[in-house]
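Note that our numbering has the sequence shown beginning at 1032, numbered continuously upward.
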Amino acid sequence: MTAEQFLNKNDLTMNDRDKVNFIVIMEMKLRKHLISQNDVGVREYIIAIRVFWPLISENPISMKLFKKALSFLESRGWFMHLDEDHSNRINRYVTRTH
């Protein structure tokens, strides 16, 4: 994806560089945690994404990456509560299954 395509996809302009950098950094760090198979790091980024963008349709993070992260967590025994509102205790968005 080119920079222009990325900006158009997310309704951004070059004046929104800080926002673009934030999104790119989040994606890079999420990828890093996936590569190192750090389930706690992946969990924290999934929670942060859910808090920043409550509607999945507004999530600017790559949907392929997001789904890969969710699959990884589920394979490690985590359960997703992403459709519910846990604003008071955000750590409840992703919990351990036993």
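Ideal placement from N, C-alpha and C gives every residue a C-beta, glycine not left out.
Computed from a prediction, not measured in an experiment: that's the story for all the values here.
Nearest-angstrom Cα separation, counted from residue j out to residue i
i	j	result
isoleucine 1080	asparagine 1046	22 Å
histidine 1112	aspartate 1070	16 Å
asparagine 1039	proline 1091	11 Å
phenylalanine 1110	glutamate 1075	13 Å
threonine 1128	glutamine 1068	18 Å
alanine 1100	aspartate 1042	24 Å
lysine 1063	lysine 1098	15 Å
First and last residue of the uninterrupted alpha helix (DSSP H) at residue i
i	result
arginine 1074	1070 to 1083
isoleucine 1106	Looking at the sequence itself, residue 1106 is serine, so the reference to isoleucine does not match. Serine 1106 -> alpha helix (DSSP H) spans 1094 to 1106.
Beta-carbon proximity of residue i to residue j, cut-off 9 Å
i	j	result
valine 1073	phenylalanine 1053	no
leucine 1061	leucine 1086	no
Beta strand (DSSP E) segment containing residue i, residue limits
i	result
arginine 1127	1125 to 1127
Whole-Å CB distance - residue i paired with residue j, under 8 Å assumed
i	j	result
isoleucine 1066	valine 1125	Not quite, the Cβ-Cβ distance comes to about 19 Å (not below 8 Å), so this is no contact.
serine 1093	glutamate 1058	6 Å
isoleucine 1121	valine 1082	6 Å
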